[in-house]
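Trainee: Sequential numbering from 1 applies to the sequence shown in UniProt numbering. Glycine is no exception: its CB is placed at the ideal position from the N, C-alpha and C atoms.
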Amino acid sequence: MSYMQLFDKEVMEETFNTNQLINLLLDQKTYPIPSTKLLLNKRDILFHENQIHDYIYIVESGLFSNWKKEHVISFTKQNEFIGIDSILGNETSFFTVQALAKSEVWRFAKEDVMRKLMSTQEGVFYLYNEMKTNNEYLIQRNVYQMVETKERIMANMIQLAKRYGKEDTQHLILPKNLTKKIIANYLNITMTTMYYICKQLIQEGFLEPISHQLVMNKAVIKENKMLASLLK
1 MSYMQLFDKE
11 VMEETFNTNQ
21 LINLLLDQKT
31 YPIPSTKLLL
41 NKRDILFHEN
51 QIHDYIYIVE
61 SGLFSNWKKE
71 HVISFTKQNE
81 FIGIDSILGN
91 ETSFFTVQAL
101 AKSEVWRFAK
111 EDVMRKLMST
121 QEGVFYLYNE
131 MKTNNEYLIQ
141 RNVYQMVETK
151 ERIMANMIQL
161 AKRYGKEDTQ
171 HLILPKNLTK
181 KIIANYLNIT
191 MTTMYYICKQ
201 LIQEGFLEPI
211 SHQLVMNKAV
221 IKENKMLASL
231 LK
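If you want it as structure tokens, here you go:
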């Protein structure tokens with residue numbers, strides 16, 4: 001890769017994205033490093049905030065919540081990293097990381113990951129791109145923190161479903177483990193407020209009347225200009 005290509009946004013995102021970093025770490029042909037597959041049950045904790053941990057993880061399946069002082073800050077899904085935000089050997093974790101469902105992860109020693117990245121001329125760009133992706137996610141979330149509570153709940157439900165859930169032609173579907181309780185904590189609102197507004201959203205057709213899962217109606221979302229832009 002030429003020096004000038006490193007200044008091209010599209011080249012950077014294509015060459016040094018999360019999937020490319022995963023492939024690099026799992027590649028056993030070039031500078032192989034040991035890894036261990038771990039199986040976790042719901043509520044298992046990988047590590048606690050403000051503690052030094054020795055490992056970085058790749059999520060192969062499942063979903064994790066990232067907590068700070070008893071508040072959910074973000075989530076981590078399949079083919080994403082856990083612990084890369086505190087990659088230095090003596091760096092404490094910012095989050096407590098907990099499995100929201102049965103999950104599988106690949107575990108790597110921090111030191112091995114750093115050695116492998118530094119063995120390549122462009123290793124630092126993988127870390128740069130990973131941090132950039134995480135920052136963009138947090139910025140996108142914060143865009144809707146200043147709107148009214150009802151709009152904030154709807155906007156965040158859509159964002160969470162697009163990132164962690166699934167969709168069909170008519171619906172956005174949140175994972176079952178992203179419950180009203182978890183989302184209320186994530187948005188820093190009371191459970192009473194969350195249940196009251198969700199009841200309103202069912203009456204208005206935004207949410208389907210399903211008790212065990214949050215399912216949104218795309219047709220209703222498209223009627224709201226601000227929310228419709230989140231479907232893209």
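1. Use the C-beta contact count for Lys69: other C-beta atoms within 10 angstroms, 16 or more gives buried, fewer gives exposed.
2. Give me the Cβ distance between Ile58 and Ile22, rounded to the nearest whole Å; I'm assuming they're in contact under 8 Å.
3. How many Å lie between Gln203 and Ile82 at the Cα?
4. According to the Cβ coordinates, are Leu24 and Leu117 closer than 9 Å?
5. Locate the beta strand (DSSP E) running through Met114, then write down its first and last residues.
6. I'd like to know whether the C-beta of Arg141 is nearer than 9 Å to at least one C-beta of chain D.
7. Could you check whether Lys42 and Glu104 sit closer than 9 Å to each other, using their CB atoms as the reference points?
8. At what residues does the alpha helix (DSSP H) containing Leu21 begin and finish?
9. Are three or more beta carbon pairs between the stretch 172–181 and the stretch 153–161 nearer than 8 Å?
10. So Lys110 and Tyr55 are supposed to be a Cβ contact under 8 Å. How far apart are they, rounded?
11. Keeping to the same chain, check which residues put their C-beta closer than 8 Å to that of Glu167; ignore five residues upstream and five downstream.
12. Under 8 Å by Cβ, that's how I've got Asn66 and Val97 pegged, so tell me the actual separation to the nearest angstrom.
13. Determine the direct distance from the alpha carbon of Cys198 to that of Leu207, and round the result to whole angstroms.
14. Using DSSP with H/G/I as helix, E/B as strand and the rest coil, what is Met216?
15. Do you know offhand how far Met226's Cα is from Pro32's?
16. Using 8 Å for Cβ pairs, my map puts Phe125 next to Phe16. What's the rounded Cβ distance?
17. What are the boundary residues of the beta strand (DSSP E) that Thr179 is part of?
18. Please return the same chain residues whose Cβ sits closer than 7 Å to the Cβ of Leu187, not counting the five positions on each side in sequence.
19. Count the other CB atoms within 10 Å of the CB of Tyr144; is the residue buried (16 or more) or exposed (fewer)?
20. Check this for me: beta carbons of Leu178 and Leu63, under 9 Å apart or not?
21. Roughly how many angstroms separate the alpha carbons of Met131 and Ser211, rounded to a whole number?
22. Take Thr120 as the anchor and find which of Thr30, Leu26, Ser229 and Asn224 has the nearest alpha-carbon.
23. From the DSSP output, in three-state form, read off Asn185 for me.
Mentor: A quick look at the data gives this:
1. Position 69 of the sequence shown, counted from the first residue, corresponds to residue 69. Classification of Lys69: exposed, given that the 10 Å Cβ count is below 16.
2. Residue numbering aside, residue 58 sits at position 58 when the sequence shown is read from its first letter. Residue numbering aside, residue 22 sits at position 22 when the sequence shown is read from its first letter. With 8 Å as the limit, Ile58 and Ile22 qualify as a contact, their Cβ atoms being about 6 Å apart.
3. Indexing the sequence shown from 1 puts residue 203 at position 203. Indexing the sequence shown from 1 puts residue 82 at position 82. The alpha-carbon atoms of Gln203 and Ile82 are separated by roughly 39 Å.
4. Within the sequence shown, the letter at position 24 stands for residue 24. Within the sequence shown, the letter at position 117 stands for residue 117. Against a cut-off of 9 Å, the Cβ pair of Leu117 and Leu24 comes out as a contact.
5. Against the sequence shown, residue 114 aligns to sequence position 114. Where Met114 is concerned, there is no enclosing beta strand (DSSP E), although the alpha helix (DSSP H) it sits in stretches over Lys110 to Met118.
6. Annotation note: the requested chain D is absent from the structure, which comprises a single protein chain.
7. Taking the sequence shown and counting its residues from 1, one reaches residue 104 at position 104. Taking the sequence shown and counting its residues from 1, one reaches residue 42 at position 42. No. Outside cutoff.
8. Residue 21 sits at position 21 when you count from the first residue of the sequence shown. Here the alpha helix (DSSP H) through Leu21 covers Thr18 to Leu26.
9. yes
10. As a working note, residue 110 is residue 110 in the sequence shown. As a working note, residue 55 is residue 55 in the sequence shown. So it is a contact: roughly 6 Å between Cβ atoms.
11. Here residue 167 is taken as the residue at index 167 of the sequence shown, counted from 1. Excluding residues within five positions, the ones whose Cβ falls inside 8 Å are Ala161, Ile173 and Lys218.
12. One-based indexing of the sequence shown puts residue 66 at position 66. One-based indexing of the sequence shown puts residue 97 at position 97. Yes, they are in contact, since the Cβ atoms of Asn66 and Val97 sit about 6 Å apart, within 8 Å.
13. As a position in the sequence shown, residue 207 is number 207, starting the count at 1. As a position in the sequence shown, residue 198 is number 198, starting the count at 1. Taking the straight line joining both Cα atoms gives about 7 Å.
14. As a working note, residue 216 is residue 216 in the sequence shown. Residue state, collapsed to three classes: strand.
15. In the sequence shown, residue 226 corresponds to position 226, counting from 1. In the sequence shown, residue 32 corresponds to position 32, counting from 1. So the alpha carbons of these two residues sit roughly 47 Å apart.
16. Taking the sequence shown and counting its residues from 1, one reaches residue 125 at position 125. Taking the sequence shown and counting its residues from 1, one reaches residue 16 at position 16. Phe125 to Phe16, Cβ: 4 Å. Contact.
17. Sequence index remark: in the sequence shown, residue 179 carries index 179 (1-based). Run containing Thr179: none; DSSP gives neither H nor E here.
18. For this step, residue 187 is matched to residue 187 along the sequence shown. Here the set comprises Arg152, Ile153 and Asn156.
19. As a working mapping, residue 144 is identified with position 144 in the sequence shown. Per the 10 Å Cβ criterion, buried.
20. Working through the sequence shown from its first residue, we reach residue 178 at position 178. Working through the sequence shown from its first residue, we reach residue 63 at position 63. Yes.
21. One-based indexing of the sequence shown puts residue 131 at position 131. One-based indexing of the sequence shown puts residue 211 at position 211. If I take the Cα positions, the gap works out to 37 Å.
22. As a working note, residue 120 is residue 120 in the sequence shown. For the residues Thr30, Leu26, Ser229 and Asn224, the minimum Cα distance to Thr120 belongs to Thr30.
23. By 1-based counting over the sequence shown, the position of residue 185 is 185. Correct three-state label for Asn185: helix.
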